[in-house]
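Novice: Quick one: this structure, given as structure tokens, is what I'll be asking you about.
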Amino acid sequence: MPDWGYEQSTGNLYRDGVVVAPVAQGYSGYGSGKNNPDMQAASDLGPIPVGEYSIGPMVELHGGQVKNAVTLTPSPANQMFGRTGFFCHGDSNDHPGEASQGCIIIKELAIRQQMAASAPAILRVVRGP
């Protein structure tokens with residue numbers, strides 16, 4: 005069973021595979037693609053595609069503009085629709101709710117730190133209810 009779970013349609017993030025109460029709520033995707041499972045194939049718009057991802061270390065992105073981003077490496081079995089470069093990072097301070105082009109956005113740094121510390125754990129992304 006995966007160590008972490010994420011629902012595309014709700015933005016809920018779960019720990020230890022227990023789908024009882026989310027430990028955090030976030031989002032994935034932008035505009036009409038935000039939390040919209042039907043748009044998972046849309047590059048830079050839809051949410052992170054369904055499948056399993058290996059959780060890796062925290063990194064900085066875009067020359068340090070995005071800090072504390074957890075690396076998410078897709079399983080070779082995933083249908084990625086040609087999409088790459090997925091992470092779990094914080095939201096935009098200037099434009100809240102608009103920081104994702106497919107990455108999972110979780111505002112709480114402590115949750116992202118727990119994810120990174122659990123590496124090499126697995127994140128399982130599902131459509132959701």
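Going by this note's numbering, the letters in the sequence shown line up with residues 5 to 133, in that order.
The beta-carbon is built from N, C-alpha and C at its ideal position, and this holds for glycine as well.
1) Confirm, please, whether the CB-CB distance from N16 to Q29 is below 8 Å.
2) Using only alpha-carbon positions, find the residue among Q118, N82, D20, S104 that is nearest to P53.
3) Could you say which of A125, N72, P80, M119 lies nearest to S96 if we only look at CA atoms?
4) Rounded to the nearest angstrom, what separates C92 and S32 at their Cα positions?
5) Curious, which full-length beta strand (DSSP E) runs of at least 3 residues does the stretch 36-95 contain?
6) State buried or exposed for T75, treating a residue as buried only when at least 16 other CB atoms are found within 10 Å of its CB.
7) Please tell me whether P61 and Q12 are closer than 8 Å, where the distance is taken between their beta carbons.
8) To the nearest whole angstrom, what separates the beta carbons of I59 and A123, a pair I think is in contact under 8 Å?
9) Would DSSP call A28 helix, strand or coil?
10) Between the Cα of R131 and those of D42, E112, G86, spot the shortest distance and give me the residue it belongs to.
Specialist: From the atom records:
1) By 1-based counting over the sequence shown, the position of residue 29 is 25. By 1-based counting over the sequence shown, the position of residue 16 is 12. In this structure, N16 lies closer than 8 Å to Q29 by Cβ.
2) Stepping through the sequence shown from its first residue, residue 53 is reached at position 49. Nearest of Q118, N82, D20, S104 to P53, Cα basis: N82.
3) Your numbering for residue 96 matches position 92 in the sequence shown. The alpha carbon of S96 has as its nearest neighbour, out of A125, N72, P80, M119, the alpha carbon of N72.
4) Mapped onto the sequence shown, residue 92 falls at position 88. Mapped onto the sequence shown, residue 32 falls at position 28. Cα-Cα distance, rounded: 9 Å.
5) List check, beta strand (DSSP E) in window: 55-65, 70-78, 90-93.
6) Locating residue 75 in the sequence shown gives position 71, counting from the first residue. Taking a 10 Å sphere around the C-beta of T75, we find 16 or more other C-beta atoms and assign the residue as buried.
7) Here residue 61 corresponds to residue number 57 of the sequence shown, with the count starting at 1. Here residue 12 corresponds to residue number 8 of the sequence shown, with the count starting at 1. No, the Cβ-Cβ distance between P61 and Q12 is not below 8 Å.
8) Stepping through the sequence shown from its first residue, residue 59 is reached at position 55. Stepping through the sequence shown from its first residue, residue 123 is reached at position 119. With 8 Å as the limit, I59 and A123 qualify as a contact, their Cβ atoms being about 5 Å apart.
9) Position 24 of the sequence shown, counting from 1, holds the residue named residue 28. Looking at A28 - three-state DSSP - the assignment turns out to be strand.
10) Sequence index remark: in the sequence shown, residue 131 carries index 127 (1-based). It is D42.
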